[in-house]
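A.B. asks:
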Ligand code: C2E
Ligand code: MG
Ligand code: MG
Ligand code: MG
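Numbering (full-length UniProt numbering), first residue to last: 484 to 775.
(1) Would a C-beta distance cut-off of 7 Å place residue 722 and residue 743 closer than the cut-off?
(2) Taking the DSSP output, what are the residues bridged to residue 546?
(3) Shorter than 6 Å, the distance from the beta carbon of residue 564 to the closest heavy atom of ligand 2, or not?
(4) Just to confirm my understanding: we take residue 541, look at its own chain, exclude 5 residues before and 5 after, and list those with CB closer than 6 Å. What are they?
(5) Have a look at residue 548 and residue 519 and give me their C-alpha separation to the nearest angstrom.
(6) So, with DSSP's three-state summary, where would you put residue 763?
(7) Please name the residue or residues paired with residue 632 in a DSSP beta bridge.
(8) Have a look at residue 695 and residue 618 and give me their C-alpha separation to the nearest angstrom.
(9) Using a threshold of 7 Å, state whether the C-beta atoms of residue 649 and residue 602 are closer than that.
(10) Distance check for residue 739 and residue 763, CA to CA, integer angstroms please.
(11) Does the count of Cβ pairs from the stretch 661 to 677 and the stretch 630 to 646 closer than 8 Å reach three?
(12) DSSP state of residue 537, grouped into three classes?
(13) How would you label residue 501, buried or exposed, when you count the other beta carbons within 10 angstroms and need 16 or more for buried?
(14) Give me the DSSP bridge partner(s) of residue 739.
(15) Are residue 693 and residue 707 closer than 7 Å when you measure CB to CB?
(16) With which residues is residue 682 paired in a DSSP beta bridge?
(17) Using a Cβ-Cβ cutoff of less than 7 Å, which residues in the same chain neighbour residue 699 once the five nearest sequence positions on both sides are dropped?
(18) Out of curiosity, what's the CA-to-CA distance linking residue 686 and residue 751?
(19) What does the Cβ neighbour count give for residue 644, buried or exposed, with the cut at 16 atoms within 10 Å?
(20) Is it the case that the Cβ atoms of residue 526 and residue 545 are separated by a distance below 7 Å?
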């Protein structure tokens, strides 16, 4: 009886594994196809400064699948990392974002905008990552000073010297670095001090309940203080309400990103939001300098 049950469990487990393997293989095929057929696109989410000006955008990748519709990165970035397809996908993201940056640079209304791009661990770990970025900047004609790469804490843990060398080489060209989802990883402070960063990005999990959870409020204050003492700028992600923004502003944060200002949008909508949408979000008292 127990043996039979054990066998059933085992069989169930094997079927489950098989299903997982099949799903993963299907996902890999679909991702590969998607890359080939140009099914990926970039959405852009506004980044706002203290004065309420749109200073730039974060590029967020989307997958426009012919059957499944618009797929979010949480569903396809992890399998893309496992299969290594994040490398061609990540290159496509960087190139597309740089090309957009160049297009914005050529128009007065958008010429000041910066571009933040997420870089995955596996992508950054490539020995020729710096060379790739240099070539993409070259090919697209993008201004390196307007490009900001978002890294996460976990990817900075191993091989410190190599990481610092890569970051320094890119910084020498003018590329900036922001530490994404800050506070959710395991950075030690001595570690942080050695990295040539420009910005800490407060994770949205701390922003969400900042008004009701004293621990989150303390963490946010601590991150801002840490950024200030390290000479870094700080941006909060996931800002959804005015009271959240006001709390952040009162506590020394000076840049914001979140639904309060704008959701991530396709480029045409992002461009029109810059001109009209943000102003109508109750920021008319602030000096928005993006104009048609
Ligand atoms: P992230 O870089 O931390 O991006 C912020 C995520 O929070 C985005 O989700 C964004 O849509 C969402 N968000 C922005 N404002 C708000 C808000 O006010 N409230 C709430 N609840 N959410 C908000 P998204 O676009 O689904 O991206 C999820 C994650 O996928 C990103 O987190 C990033 O880690 C990864 N990702 C996105 N695009 C790329 C990419 O091109 N390359 C790589 N390697 N990873 C990417
Ligand atoms: Mg990000
Ligand atoms: Mg983030
Ligand atoms: Mg996040």
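Cβ atoms here follow ideal geometry from the backbone N, Cα and C, with glycine treated the same way. Treat the numbers as computed from the prediction; the structure is a model and nothing was measured.
C.D. replies: According to the data block:
(1) yes
(2) 523 and 554
(3) no
(4) 528 and 599
(5) 12 Å
(6) Confidence at residue 763 is low in this model, with a pLDDT of 38, below 50, so the placement of that residue is unreliable and no value is reported for it.
(7) 600 and 660
(8) 47 Å
(9) no
(10) Confidence at residue 763 is low in this model, with a pLDDT of 38, below 50, so its placement is unreliable and the value that follows should be read with caution. Rounded to the nearest angstrom, the two C-alpha atoms are 17 Å apart.
(11) yes
(12) strand
(13) exposed
(14) 531 and 719
(15) no
(16) 661 and 716
(17) 689, 692 and 693
(18) 27 Å
(19) exposed
(20) yes
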